[in-house]
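**Q**
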Amino acid sequence: MLKSTLIAVALFLSSLSYADDLTEFDYPLLLGDWYWFSSTDDGVSTDGVSYRAMNIKFKSSYQFVIRLLQVDGTVEAWEGIYDIDESSVTFRAKGQPEQQHSYLLSYNQFVLDGARFTKLAPENLPGNWRSSRITGRDVGDGVSGLEISLRPDFLFSAKVSGDDGRKREHQGIYFIEDDRIVLIYEDGQHDSQFQLGSNTLTLTNKQFGMEAVMVRE
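Number 1252 in this note's numbering belongs to position 40 of the sequence shown; there are no gaps in the numbering.
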């Protein structure tokens, strides 16, 4: 019985998670908010305008938003659609010329024509989380807990524990979009909705009918 209940909760972090548009997106590490900051107060000058910071938000719907902060505090913003392949990304926005840029991408670094962007997570999301309650039709009495460590650099580790001390662990990369978080690891991926409070994190997986209420350690 204990083995089966551990497996049931482990499926909460398993490759059997349902596939949809988000988990099938070809460039999942691109999704999220990317930031570039000038190393000097004078900013970086382009076409006679000096910029102090830039934010690019990529969505799985192939929409993007770009915001640029000038040194005088003025914010420029535009949005549109993008195309991407293995080496370049193309931005198309109303009222703006089409722009194509070369890029390099990792799980938390995005280099766009030599400018290095860093991905940032919501302020309260990174940290060590421990389950205070796990409910659902596939959860048995033998499961004692779930622990997830979400690092600000988008690496994670997760551990499911049983009453007899048995544990199952995963490590990998995570990304987020809106209220969804996807954990990617060696033998699969897990997609769930999340709700974030000041000291609570609620994960919900509709396929397995499970909900885990986590508290910050």
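We treat Cβ as the ideally placed atom computed from N, Cα and C, and that holds for glycine.
Out of Arg1428, Ala1289, Pro1240, Glu1389, point me to the one whose CA is closest to Ala1333's CA.
**A** Looking at the Cα atoms, Glu1389 is the closest of the given residues.
**Q** Going by DSSP, what residues sit across from Ala1303 in a beta bridge?
**A** In the sequence under discussion, the amino acid at residue 1303 is Phe, which differs from the Ala named in the question. For Phe1303, which the question treats as bridged, DSSP gives the partners Tyr1294, Gln1311.
**Q** Just the C-alpha distance for Ala1424 and Leu1358, rounded to the nearest angstrom, thanks.
**A** Taking the straight line joining both Cα atoms gives about 8 Å.
**Q** Among Asp1391, Tyr1263, Val1323, Pro1309, whose alpha-carbon lies nearest the alpha-carbon of Asp1253?
**A** Nearest option by C-alpha distance: Tyr1263.
**Q** From the DSSP output, which residues share a beta bridge with Ala1333?
**A** The partner list for Ala1333 (beta bridge, DSSP) is empty, contrary to what the question assumes.
**Q** Take Ser1318 and list the residues in its own chain whose beta-carbon comes closer than 8 Å to its own, dropping the five residues that flank it on each side.
**A** Within the same chain, Ser1318 has close Cβ partners Leu1241.
**Q** Pick helix, strand or coil for Leu1241, following the three-state DSSP scheme.
**A** Note: Leu1241 maps to helix in three-state DSSP.
**Q** Please classify Val1372 as buried or exposed, where buried requires at least 16 neighbouring CB atoms within 10 angstroms.
**A** With 16 or more Cβ atoms within 10 Å of its Cβ, Val1372 is classed as buried.
**Q** Of all the CB atoms in chain B, is at least one closer than 8 Å to the CB of Asp1238?
**A** Note that chain B does not occur in the displayed structure, where there is just one protein chain.
**Q** So Lys1379 is in the beta strand (DSSP E); what residue range does that whole segment cover?
**A** Lys1379 -> beta strand (DSSP E) spans 1379–1389.
**Q** Who are the near neighbours of Lys1269 in its chain, counting only those whose CB is closer than 7 Å to its CB and skipping five residues on each side?
**A** Answer for Lys1269: Asp1245, Phe1276, Val1277, listed in chain order.
**Q** Which residues in the same chain have their Cβ closer than 7 Å to the Cβ of Leu1234, if we skip the five residues on either side of it in sequence?
**A** Once the five neighbours on either side are set aside, the close Cβ partners of Leu1234 are Ser1272, Glu1389, Arg1392, Val1394, Asp1403.
**Q** Give me the Cα-Cα distance between Leu1367 and Asp1399, rounded to the nearest whole angstrom.
**A** Roughly 16 Å between the two C-alpha positions.
**Q** What residue does the beta strand (DSSP E) around Arg1279 start on, and which one ends it?
**A** Per DSSP, Arg1279 belongs to the beta strand (DSSP E) from 1275–1282.
**Q** Grouping DSSP H, G and I as helix and E and B as strand, with all else coil, what is Lys1215?
**A** Confidence in Lys1215 is poor, its pLDDT being 40 and thus under 50, which makes the residue's placement too unreliable to answer from.
**Q** Return the CA-CA distance between Ser1344 and Ile1360, expressed in angstroms with no decimal places.
**A** Straight-line Cα distance between these residues: approximately 12 Å.
**Q** Just list the residues that DSSP pairs Ser1250 with in beta bridges.
**A** Paired residues: none, contrary to the question.
**Q** At the level of alpha carbons, what is the spacing between Val1287 and Ser1356?
**A** Each residue's Cα considered, the two are about 50 Å apart.
**Q** Would you please state the rounded distance, in angstroms, between the beta carbons of Ser1410 and Asn1336? I believe it to be under 8 Å.
**A** So it is a contact: roughly 6 Å between Cβ atoms.
**Q** Comparing C-alpha positions only, which one of Met1266, Ala1305, Asp1376, Ile1293 sits nearest to Lys1331?
**A** Closest option to Lys1331, Cα to Cα, is Met1266.
**Q** Looking only at C-alpha atoms, which of Ile1346, Lys1379, Gln1383 sits nearest to Arg1363?
**A** Minimum Cα distance to Arg1363 is reached at Gln1383.
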